[in-house]
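Enquirer: There's a structure below that I have some questions on.
Shown next as C-alpha cells:
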C-alpha cells in the first residue's frame with residue numbers, strides 16, 4: 001500500500017488537533033496592517049477557532065498522519 005501525500009498548505013494552517021479529534025486553526029489577518037486595527041480586533045484575531053465538522057472530514061483526508 002503506498003503512502004498518502006500530506007497537503008503541506010493544509011498542515012501549516014492547522015495548528016492543533018484536540019483530544020476529541022477536532023481541528024484548530026487561527027483567524028486570518030492577525031498580523032497584516034495591525035497598527036490600524038483596534039486593540040479588540042487584534043486580540044480577537046489571535047484567538048483560535050475550531051473548524052466546522054463538515055470541513056473536518058475533507059481536511060483529515062489531506063493530513064492523514066496528523
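Numbering (the UniProt record's numbering), first residue to last: 1 to 66. Every residue, glycine too, gets a C-beta built ideally from N, C-alpha and C. Treat the numbers as computed from the prediction; the structure is a model and nothing was measured.
1. Quick one: is residue 71 buried, meaning 16 or more other Cβ sit within 10 Å of its Cβ, or exposed?
2. Would residue 23 be called buried (16 or more neighbouring beta carbons within 10 Å of its own) or exposed?
3. Write down the C-beta distance between residue 59 and residue 10 rounded to the nearest angstrom, noting that I regard them as a contact closer than 8 Å.
4. Taking residue 27 as part of the alpha helix (DSSP H), name the residues at either end of that continuous run.
5. Between the alpha carbons of residue 49 and residue 2, how many angstroms are there, rounded?
6. Suppose you measure from the CA of residue 65 to the CA of residue 37; what does that come to, to the nearest Å?
Expert: Taking the structure as given:
1. Here the chain has residues from 1 to 66 only, and residue 71 is not among them.
2. For this step, residue 23 is matched to residue 23 along the chain shown. By the 10 Å Cβ count, residue 23 comes out buried.
3. Start at 1 with the first residue of the chain shown, and residue 59 comes out as number 59. Start at 1 with the first residue of the chain shown, and residue 10 comes out as number 10. With 8 Å as the limit, residue 59 and residue 10 qualify as a contact, their Cβ atoms being about 6 Å apart.
4. Within the chain shown, the letter at position 27 stands for residue 27. That residue, residue 27, is in no alpha helix (DSSP H); it is neither H nor E in DSSP.
5. As a working note, residue 49 is residue 49 in the chain shown. As a working note, residue 2 is residue 2 in the chain shown. Between residue 49 and residue 2, the C-alpha separation is close to 33 Å.
6. To locate residue 65, count along the chain shown from 1; it is residue 65. To locate residue 37, count along the chain shown from 1; it is residue 37. Cα-Cα distance, rounded: 37 Å.
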